[in-house]
Amino acid sequence: MKSTTLLAIVLSAFSTTHAALLWDGRFNDFTSASDLNKWSWSNSVGPYQYYIHGSSPVEKYISLSESYKNPNDTRSRQGARFTLDSTAYWNGQNMRRIELIPQTKEAINKGKVYYHFSIMRSDKNAPSDFSANKVGFWHSEGGEPLNADWHLGVLELPRNGYGDTTEDFYFSGVYIETGPITTAIGGP
40 MKSTTLLAIV
50 LSAFSTTHAA
60 LLWDGRFNDF
70 TSASDLNKWS
80 WSNSVGPYQY
90 YIHGSSPVEK
100 YISLSESYKN
110 PNDTRSRQGA
120 RFTLDSTAYW
130 NGQNMRRIEL
140 IPQTKEAINK
150 GKVYYHFSIM
160 RSDKNAPSDF
170 SANKVGFWHS
180 EGGEPLNADW
190 HLGVLELPRN
200 GYGDTTEDFY
210 FSGVYIETGP
220 ITTAIGGP
């Protein structure tokens, strides 16, 4: 698959001491996307909360494969493909959404922490915003706090003149750490 890979990491001073892994969202322990259905408000299992999506089964929106991960990441077994389609509207909202929310009691929004992930796109079902050069990445800088409700996924606001074409986004190597930043792709 021809793809462009972007590793999004908040950078800091380099150090030889090891960072502490606060939360591991790599998809290594998943056998299929249906594992996300094991989580519920009364059964908070697994690394992710999964409830922001359209009305179809999870496999329509998220699928897992080794070919979906950053090829330079030797720590991740597989990556996830998030598919926005014409059914990806959550709770009657006017925006398409597929989101995974970290399920953890760790303080992933306190102090200086680093959010790591790789994002990739393919020519098949390419996100239109990539070709329009209008992709944004929001993060904090300096002492500004990150939102405690950090999500991995895609949220597409309504746009005039754009139909609900199918768009695929690929994520892998997802984890959060504290301490000196790990600069190796794939992490600790």
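In this text, residue positions in the sequence shown follow our numbering: the first is 40, and each later residue adds one. Don't be surprised by glycine CBs; every beta carbon is placed ideally from N, CA and C. Since we're looking at a predicted model, the values are computed, not measured.
For residue i, the residue or residues it bridges with in DSSP
i    : result
A59  : T217
F69  : BP columns for F69 are empty, so no partner.
T122 : D207
Q88  : I140
N130 : Answer by DSSP bridge pairing: none, since N130 is not bridged.
R135 : Y128, E195
N82  : S79
Distance between residue j and residue i (C-alpha atoms, nearest Å)
i    : j    : result
S51  : L61  : Bear in mind that the predicted position of S51 carries a pLDDT of just 32, short of 50, making it unreliable; the figure below should be weighed with that in mind. Roughly 17 angstroms between the two C-alpha positions.
L191 : E216 : 16 angstroms
T70  : Q142 : 18 angstroms
N82  : Y128 : 24 angstroms
A72  : R198 : 29 angstroms
A223 : R65  : 15 angstroms
G225 : S125 : 33 angstroms
D68  : E105 : 13 angstroms
Y214 : Y154 : 6 angstroms
I140 : Y107 : 20 angstroms
F156 : T221 : 12 angstroms
V84  : S211 : 20 angstroms
R160 : G93  : 21 angstroms
L185 : K151 : Note that L185 has pLDDT 48, beneath the 50 cutoff, so the model's placement of it is unreliable and no number is given.
L196 : Y89  : 20 angstroms
N109 : D162 : 16 angstroms
I38  : G200 : Residue 38 is absent from the model: the chain starts at 40 and stops at 227.
Under the three-state DSSP convention, the category residue i falls into
i    : result
L103 : strand
N76  : helix
E145 : coil
S161 : strand
L185 : With a pLDDT of 48 at L185, under the threshold of 50, the predicted position of this residue should be treated as unreliable, and no value is reported.
S228 : Any answer about residue 228 is impossible in this case: the structure gives the chain only from 40 up to 227.
D112 : coil
Extent of the continuous beta strand (DSSP E) to which residue i belongs
i    : result
L191 : 191-195
Cβ contact (3+ pairs, closer than 8 angstroms) linking the stretch 112-121 and the stretch 129-136: No contact exists between the stretch 112-121 and the stretch 129-136.
Given 8 angstroms, three or more beta-carbon pairs between the stretch 92-108 and the stretch 146-153: Counting C-beta pairs with one atom in each stretch, the stretch 92-108 and the stretch 146-153 have fewer than three that are closer than 8 angstroms, which means they do not touch.
Three or more C-beta pairs below 8 angstroms linking the stretch 199-209 and the stretch 153-167: Using a Cβ-Cβ distance cut-off of 8 angstroms, the stretch 199-209 and the stretch 153-167 are in contact, since at least three pairs of beta carbons, one from each stretch, lie closer than that value.
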